[in-house]
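In the working numbering, the protein residues as written are 4 to 263.
A virtual CB, placed ideally from N, CA and C, is assigned to each residue, including glycine.
In what follows, a structure is listed as structure tokens, so that the remarks can point back to it.
And the structure:
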């Protein structure tokens, strides 16, 4: 789903970036502050796949998880190969972006699963109408997938610090704290890929209110972080695929991309 867009961006940007190869690729041998190594790259993908194997089968779809640590470019995408066959695809360069950790990489994988299992609202572009919209995939990732992931696979990495406002909002809720840390890490991906992105912070959520849901593109960057944090606060049952989303109030999809 994202492969064509990312590649187009790469091809059009190489001339602009010139000799700064890090703008469009990170080799496995390049220095980086990412804490994702090759083993963890594959392990996180495999763990998420194991958590949703039953749901894929119940939906009647076959899903291939294609991952290549050695690919130096930045992309992760869902694709309708030949329905009911779909694929989720991940390139190692994206996991090596500075600032990515297990929280952030688990979010990326969960987001792609969200395109297949997140449900409505769906993408409004005709060729992508088989998948959940980008905002919905973000929401599924935190309201459902990350909760399952960190309950099954507790985080064992270095401590990640959050701002006081976020800590207060989470109020000791582990799901919220985990998603906030995922959002912080994912923000590093956004600002690395799109370097003109305004400053992002979970302490300063978007005040935008859309007139209609954003279904054909990504929500604004700050709104994506807000969605990740808000989804984590939904108290519905994430062990089920039924009525897992909060439709209003705390934990519901924010108005910066979703029109209730």
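Practice problem: Pull up the distance between the alpha-carbon of residue 225 and that of residue 84, whole angstroms please. | Solution: As a position in the chain shown, residue 225 is number 222, starting the count at 1. As a position in the chain shown, residue 84 is number 81, starting the count at 1. Using only the alpha carbons, I get a separation of about 31 Å.
Practice problem: Return the CA-CA distance between residue 13 and residue 27, expressed in angstroms with no decimal places. | Solution: Taking the first residue of the chain shown as 1, we reach residue 13 at position 10. Taking the first residue of the chain shown as 1, we reach residue 27 at position 24. Because the pLDDT at residue 13 is just 45, under 50, the model does not fix this residue reliably, and the value given afterwards should be weighed accordingly. If you take the alpha carbons of residue 13 and residue 27, they lie about 6 Å apart.
Practice problem: Could you have a look at residue 33 and say whether DSSP puts it in helix, strand or coil? | Solution: Position 30 of the chain shown, counting from 1, holds the residue named residue 33. Three-state DSSP puts residue 33 in coil, outside helix and strand.
Quiz item: What are the boundary residues of the beta strand (DSSP E) that includes residue 40?
Solution: Residue mapping note: residue 40 aligns to position 37 of the chain shown, counting from 1. It is not in any beta strand (DSSP E) - residue 40 carries neither H nor E in the DSSP assignment.
Exercise. Pull up the distance between the alpha-carbon of residue 183 and that of residue 132, whole angstroms please.
Key: What you label residue 183 is simply residue 180 of the chain shown in a count that begins at 1. What you label residue 132 is simply residue 129 of the chain shown in a count that begins at 1. Straight-line Cα distance between these residues: approximately 29 Å.
Quiz item: Just how far apart, CA to CA, sit residue 64 and residue 167?
Solution: Translated into positions along the chain shown, residue 64 becomes position 61. Translated into positions along the chain shown, residue 167 becomes position 164. When rounded, the distance between both Cα atoms is 43 Å.
Quiz item: Are there three or more Cβ pairs, one per stretch, closer than 8 Å when the region 243-256 is compared with the region 140-154?
Solution: yes
Quiz item: Would DSSP call residue 242 helix, strand or coil?
Solution: The residue given as residue 242 occupies position 239 in the chain shown. Note: residue 242 maps to coil in three-state DSSP.
Quiz item: So residue 92 is in the beta strand (DSSP E); what residue range does that whole segment cover?
Solution: Counting from 1 along the chain shown, the entry for residue 92 is found at position 89. From DSSP, the beta strand (DSSP E) with residue 92 extends over 88-94.
Quiz prompt | C-alpha distance - residue 43 paired with residue 105, whole-angstrom precision | solution = What you label residue 43 is simply residue 40 of the chain shown in a count that begins at 1. What you label residue 105 is simply residue 102 of the chain shown in a count that begins at 1. So the two alpha carbons sit approximately 8 Å from each other.
Quiz item: How many Å lie between residue 87 and residue 130 at the Cα?
Solution: Within the chain shown, residue 87 is the residue found at index 84, counting from 1. Within the chain shown, residue 130 is the residue found at index 127, counting from 1. Computed Cα separation, rounded: 15 Å.
Practice problem: Assuming residue 36 contacts residue 124 (C-beta within less than 8 Å), just tell me the rounded distance between them. | Solution: Here residue 36 corresponds to residue number 33 of the chain shown, with the count starting at 1. Here residue 124 corresponds to residue number 121 of the chain shown, with the count starting at 1. Actually they are not in contact, since the Cβ atoms of residue 36 and residue 124 sit about 36 Å apart, beyond 8 Å.
Exercise. Might you give, ordered along the chain, the residues of its own chain that have their beta carbon closer than 6 Å to the beta carbon of residue 137, omitting 5 neighbours on each side?
Key: Taking the chain shown and counting its residues from 1, the one referred to as residue 137 is at position 134. Same-chain partners within the cutoff: 221.
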